[in-house]
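Some notes on the structure that comes next.
Residue numbers (full-length UniProt numbering): 1 to 286.
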């Protein structure tokens, strides 16, 4: 998602345009990855294994390009084995305290690595904080809940058949700018749990996170957000119950799916994200 917020005096390293809007304009020098060589016999850290796997899997990636099922399974397996301690996090850190600013609970973002192919970062959420409903255009996203309990609600767009009488009748009362979506996930997850994956066209490309307890989410985005001509800018949404614009009408006979209407919105004023320096094991580019 886009990162728009004010920061304290310490700022995170350089990140993409998509992430840049969540954090302040001033930052220390970029440390995308240190060019070091591992000592002979030295075991790579969990973060280093994650970086190297991402580098292989997203090497030929781009907008709308999804890794093969085998590569998705491989990266998911690597993430499933990452623990909070592997990235230098503990639940008693200040990031997870419920200290509200003007009644707003800030979310902290720890930037680990980013290039034009993928990004790795961690969202730290105090209990009751929310990352509002947003999309991931043309991206494959892996999310690993490192600790805590979180409610996730996600949607995929419904592609309506065009120029049919049934569709025209169904959408007759739909206001402009509102689009039909189907609920993919509406559940609470508690660590340890498997890594979730969403895709450009399915898997819950639009999602919202609500922290039931303090929690941390390790995110891998391939490719990362970009508000350039690549068209991977982040969009936020309001969601409305299905019955608001369609009454009791069913979209498809005998379909027991749950639907909603999504409307684009500006970034919510009560979504406040603070960038912080990642202090876990470094990524070393070979």
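Quick reminder that beta carbons are idealized off the backbone N, C-alpha and C, glycines included. Treat the numbers as computed from the prediction; the structure is a model and nothing was measured.
Decide if residue i is buried, meaning its Cβ has at least 16 other Cβ atoms within 10 Å, or exposed.
| i | result |
| --- | --- |
| residue 224 | buried |
| residue 243 | exposed |
| residue 277 | exposed |
| residue 159 | exposed |
| residue 129 | buried |
In the DSSP output, which residue or residues are listed as bridge partners for residue i?
| i | result |
| --- | --- |
| residue 124 | 108 and 216 |
| residue 241 | 260 |
| residue 114 | 119 |
| residue 208 | 153 |
| residue 271 | Answer is none; residue 271 lacks a bridge partner. |
| residue 134 | 207 and 236 |
At the level of alpha carbons, what is the spacing between residue i and residue j?
| i | j | result |
| --- | --- | --- |
| residue 245 | residue 85 | 47 Å |
| residue 109 | residue 179 | 30 Å |
| residue 26 | residue 94 | Confidence at residue 26 is low in this model, with a pLDDT of 29, below 50, so its placement is unreliable and no value can be given for it. |
| residue 99 | residue 132 | 19 Å |
| residue 29 | residue 126 | Caution applies to residue 29, whose pLDDT of 36 falls short of 50 and renders its modelled position unreliable; the model cannot decide the point. |
| residue 184 | residue 272 | 26 Å |
| residue 263 | residue 45 | 42 Å |
| residue 221 | residue 182 | 23 Å |
| residue 279 | residue 115 | 19 Å |
| residue 118 | residue 54 | 7 Å |
| residue 226 | residue 197 | 20 Å |
| residue 59 | residue 67 | 10 Å |
| residue 238 | residue 265 | 6 Å |
Using only the heavy atoms of the ligand SAH, determine whether one of them is closer than 7 Å to the beta carbon of residue i.
| i | result |
| --- | --- |
| residue 105 | Of the ligands one can find in the structure shown there are none, so the ligand SAH has no counterpart to examine. |
Item to complete: Could you tell me whether the stretch 207-214 touches the stretch 59-76, using the rule of 3 or more Cβ pairs below 8 Å?
Response: no
Practice prompt. State whether the stretch 145-161 contacts the stretch 183-196, with contact taken as three or more CB pairs (one from each stretch) at a distance under 8 Å.
Written response: yes
Practice prompt. Note down, one range per segment and in chain order, each alpha helix (DSSP H) of at least 4 residues found wholly within the stretch 64-104.
Written response: 69-80
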